[in-house]
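Written below as structure tokens is the structure these notes are about.
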Amino acid sequence: MSDEYETPPSDSSPVEDQGSQLARARDEWDRLMSATPQNGDLWRVIPRPFWEKVCSTQASSLQELASLVGKIDLASLVDENGAMYPEEESMPCLAVSPELFHSLGQTFGINGNPVARNMLVDESGVSLERMPPFFILHVLSKETTVSPRSRYNLQHSRMAFSLSSASTFQQLHDAVRSHVYKNPRAVAPLRLWFIENEPAKDMPSSIPVSSFIDAVGRKSIVTPNLYGSTLRSQGIESSRLHLIVEPADRKTFLVDAYLASHMDVLDYDAITSSGGHCGLSNLGNTCYMNSALQCLTHIPELNYYFFFDLYQKELNTNNPLGYKGDVAVAFSSLLHKLYGSGSPSAVTPREFKYTVGRHSSIFHGFQQQDSQEFVSWLLDALHEDLNRIQQKPYCEKPELKDEDVNIPEAIRELAVTCWDQYKKRNDSVIVDLFTGMYQSTLVCPTCNKESMTFDPFNDLTLPLPVNKKWYHELIIVDLSGDHAASGRQPLSKLEVELNKSSNFDDLINYISNFLRVPTEHLFLFELFSNFFYRDFQENSAASKFYPINELISDNDVIVAYIIPHNPATDIIVPLLNTVRDEDSSYDMAEPFGIPLFVTLNKESDVFSFGTIREKLEQTVKHLTNADMEASYKEIKGDSNGSRFKADSFPLLQKEESGDLEMAEPDTEQTPALKDEDYDSDISLAHPEVGADFGFAIKYYEEDGSRHAPTRGPRRYQPGMRMRYQSLLSEDKDPNRRPLNIPQGRPSFLKLPLLADKLPDLKRKYYHYPTYAAEVQRNEKLNNEANEEEEVKQEPEHVSILHNRAEEVAEDSDANIRTQSDEDEESDSNYDEMLPLGHADSLRPPTLPPIPSSESDQEVQSDIASPGHEEKPEQVIKNDKVKPLLVDSKTTLVCEWDSQVFDRFFKDRDQQAWEELPFIANPVLEDNKRKLALQQKSTVSLYDCLRNFSTPEVLGEQDLWYCPRCKDHKRATKTIQIWSTGDILTIHLKRFSSARAFSDKINMVVDFPIEGLEMNEFAQAGTTEPLIYDLVAVDNHYGGLGGGHYTAYAKNFRDQKWYYFNDSGVNEVKDPRECIKGAAYLLFYKKRKPTAFAGGHSVEQLLREGRQSFESKLQNLKEQSLAVSQQVQLFEQARDDIMQRAEAERRAAEQNNHQNDEEQVITSGSDEDDLYADSNSSGMKKVRPTLVQPANTDFENSRKQRLLSRGADSPRSVNINHEYSSSVSNVASPAGSGGEVESPTKDPTTS
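UniProt numbering puts the first residue of the sequence shown at 1, with every later residue one more than the last.
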């Protein structure tokens, strides 16, 4: 409501008599009420009871009258959309002039928005236009088909407005222009067409020219000579009307251009003999879609089905498995663009791609996809959108009885039953053309139970007749120690050959059979950077559900370990070898070589440091080509191989031995003991070679109390690369598994020494050379200190203790000198290490400290005082229980001395893990030679068809449940072709995994262009000849993971072959050019005695479609002729106006011919300028590209009205922008009923 009508104004002149003011107001209102409207004036509507109350109410002043009468209730005149109620339902009302309404509003105020309506004046009198005409606009476009996307926004995208019937057609033209063009100054010409409401009510806002011409109903063009007439004069009054707006394209109206290009080709033979060689633009990796579409659209029956618009009768928009008809509509739209008359050289399938991507996430983006998958999806989508079955019944799949498995008639009856049941749920043109049937037979290997089923197919997938084998080179690490008997090297390589459908169990069985090793002694791991990366034993039950080529990639380093062991008594411990970085600035160590394993007895070996050391030496020697064992023998001397006794360690005899397993040298039992009976752990210690010589033994326990921190992120985590491990779970208790590998990569330098677990005394035995050197050094320091003390003291003060110490020192020096002499004579001490390096540099490292503080104090005490005696009870307490050195969770690490590493492992020729010898595999080599020959040869399509029915044994991941055995079995499966469709799509399976493109076979398959005979392969045994001719080929070029798709197709319209490479199209002279290694999908059509394939139903449907299409063509001719006549009327009326204007111009020139030159110049009026273009000498009589207004007076009048700024100025044009306008607050009129809603915003007029 306007602010000016909020409250009645107060008396501004108190002195003036209020009664006189009221009287003058009443006189003024009576005068305005008696005013007579002109035709088209915009007056205001008020309730009649309000005016009667104003006239009958007695009051002494305006204020009193306003309080007694109240506000003008305008809300009761219109509904919520601003439309006036029908006269029989509405409150009685009056039409008043804007001046009267303004005066009443200021005096009384208003409730609601002003209601404005035009006044109609004619011979019958004056009337109020309650419901002016409501116009719905449709704009013509050049597109030949309606965009599928626009089907969802037909109503909301329409433009509509109301306009008084007293307005002229020029005003209607201007109102339409303001809606169509965003730029109000746009001067592009346009034409208006009236079309009957019934056929136009379902039209979208944008209409192709072809649809407009083909639309049923009479079409009338607004000719220029009507622009000065009112709408009412032509019978346009209160109603809903559809207007077709025809813009001009490059100064040529769209209808004129269409008629010029189509009038001569509206003939069935002319249309169906042209087209078919139009390309498809690549939208970005959409070549897979383009090639498939070219193949499918060149199938005659499918082409005619959509070209004749037969799909519209069978569109199933209620199928829950379909896509509400969107895919079928989009496919038809694209086909019409490709095969329509006047098609361009290439079409951009953007709308079709949008529709497909909206319904399938696989094809949503612009990544490369598999063309066969797209064909399969598209055929299924078209089938569901066109399924003639509206309600699918429930059907149980029939089974063949056991006693009928060998009866052909029973099998044939089962096939017919399965096909009938399938047709009860699936019936479409896709089924009629493409669908065939498989016969699948499963045989139980135990009870020979046979199960036979029949399943439909739209495309026949043929595996190529090549050996689909999986090859991989494995590293074999034989830790059995029996290399002479087995004939194998400790480290070697073996290339294995398996079917690609094999699983992990098949690989284990292959290695076991080939190497003659029990499967429980085989362990497989993947290595990365000389460290464990994946444990195939972990969750191995899940591995059987995936093919071996998915578990192991081509570049994976796989190591198979042969580890003989007894699970009841042995544990298997991983062994890693590390060395410090050569660059001393990097404080780090990294593993080298291949990880190994040692087998230890649970009852004895895990407690014996010496046994562990011996087994490590025997195991690590496999990593070097040098004779490590001989070098160690030379270092250890003649004593190697014998066990030592306590008297071999003289310095430790000064301490009370706490090793209960060490026999005293002076006991009587000692001479009688044999080596095999002497099970002392310490007897394995060497008095001249420490336990850290060559390498120090460290350990790693991930879940123990001494868990070492890992450096950086873990490179290995259980199941990190194996998605199948989440499917099944196994017992993850490491104590119940035969071996456990480290799952984290530790910081090797920070690992503790295994010797730290030993008791103090045992640790001294195993590190005796280091201990002896430390004792000698301490005694020397003590002697030097004593000598200095003797210099300071008198000789008589020397103590007995000092003399005893001196004697001990002398004895020690003598022993050292004697030992040194013996070493030089026997060549059994450190000087003998010179072949490995300098003796000093190879001396074992110093004794590592004991971790606990008590042990540290004990070690320091022992070293400082070799004669210190421990308490017997303390020794028993520390050494009575043997310490457990290794368990199933331990990983041993040999940290090698850098010089020893250089001696055995640095040079490549010394590294046994490099250039491993191969284990001969004659069968594999012979199979690879055959495979190479097959890859180079050309196979026939018939070979592929014969190979299709080869029986195969199901893998562990595809077990079949035998109803007789009540168990899952690896049944033998045989798939045969039972019947084929009239359109046979053959998929040459060049990829083992289509979406991943994991492997491609590029061999050439020789397929016939004509005369493919299928009777040999169809098991149905029909007497009908099954002979097929090639119609299209889908090609794939490139390798794994991508490539490019193209197509060959025979154009059934001109019987020529073409090569389609996206938007490029070239004619092919010889169709045998398509026989190459790139052929991927083959499309064959069955030879039929009739014109069309697909059976009698398809043939009858296409014949009816042709008749309907010819009838539509005839109707289109008639419609085109009628439209052409309307265009001629428009041009004739325009030419008449232009001729009259030309005649008036010439008459004006003749009248002014006798005036002087100045008068001639002055006489050049605006009218001459308006038609200045008509003076050109080359002007044609007919100018279809230019629309001139009928009379300039109308234009001037329109401009004057539009320039008016007064809110209450009378106007004759009421425009509603998108159902409403912001020009004023006056409620605008609107019609009722129909598909267009009434105005919802503040209505206005203009």
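We put the beta carbon where it would ideally sit given N, CA and C, even for glycine.
All of these numbers come straight from a predicted model, not from anything done at the bench.
Backbone CA spacing between residue i and residue j [nearest angstrom]
i: Q899; j: A696; result: 13 Å
i: G284; j: T435; result: 32 Å
i: N783; j: H767; result: 24 Å
i: E614; j: T974; result: 58 Å
i: I271; j: M84; result: 53 Å
i: K750; j: Y700; result: 10 Å
i: K882; j: S486; result: 38 Å
i: R1183; j: D1135; result: Any reading at R1183 needs caution, since the residue's pLDDT is 34, under 50, leaving its predicted position unreliable; the model's value is listed next. Spanning the two alpha carbons is a distance of roughly 8 Å.
i: L527; j: L474; result: 11 Å
i: G275; j: I548; result: 50 Å
i: L596; j: L575; result: 5 Å
i: D831; j: E634; result: Bear in mind that the predicted position of D831 carries a pLDDT of just 37, short of 50, making it unreliable; the figure below should be weighed with that in mind. Rounded to whole angstroms, D831 to E634 spans 11 Å at the Cα level.
i: N530; j: Y586; result: 19 Å
i: K500; j: L984; result: 28 Å
For residue j and residue i, believed in contact at Cβ under 8 Å, the rounded distance
i: P247; j: L172; result: Actually they do not touch by this definition, with Cβ atoms about 16 Å apart.
i: T223; j: S167; result: Contact flag wrong, Cβ pair sits at about 17 Å.
i: L885; j: F609; result: 6 Å
i: S361; j: W377; result: With a Cβ gap of about 11 Å, S361 and W377 do not count as contacting.
i: N458; j: N387; result: Actually they are not in contact, since the Cβ atoms of N458 and N387 sit about 14 Å apart, beyond 8 Å.
i: P687; j: S648; result: 5 Å
i: S979; j: A1020; result: 5 Å
i: L243; j: F194; result: 7 Å
i: F905; j: L479; result: The pair is not a contact, with the Cβ atoms about 19 Å apart (cut-off 8 Å).
Exposed unless 16 or more other CB atoms sit within 10 angstroms - verdict on residue i
i: V579; result: buried
i: N555; result: exposed
i: T286; result: buried
i: I407; result: exposed
i: M131; result: buried
i: H364; result: exposed
i: L65; result: buried
i: H383; result: buried
Assigned secondary structure, residue i (DSSP; H/G/I helix, E/B strand, else coil)
i: F457; result: strand
i: Q489; result: coil
i: A1141; result: helix
i: G325; result: coil
i: D478; result: strand
i: Q439; result: strand
i: Y766; result: helix
i: R218; result: coil
i: M159; result: strand
i: M33; result: helix
i: S206; result: strand
i: C93; result: strand
i: Q391; result: coil
i: E603; result: coil
i: G1077; result: coil
Residues sharing a beta bridge with residue i, DSSP
i: P574; result: F597
i: N1061; result: G1064
i: Y422; result: Y422 pairs with nothing; no bridge assigned.
i: R412; result: In DSSP, R412 forms no bridge with anything.
i: R534; result: E526
i: Q911; result: T624
i: F695; result: W896
i: Y1028; result: L1012, K1086
i: N118; result: L42
i: Y1048; result: V1033, Y1059
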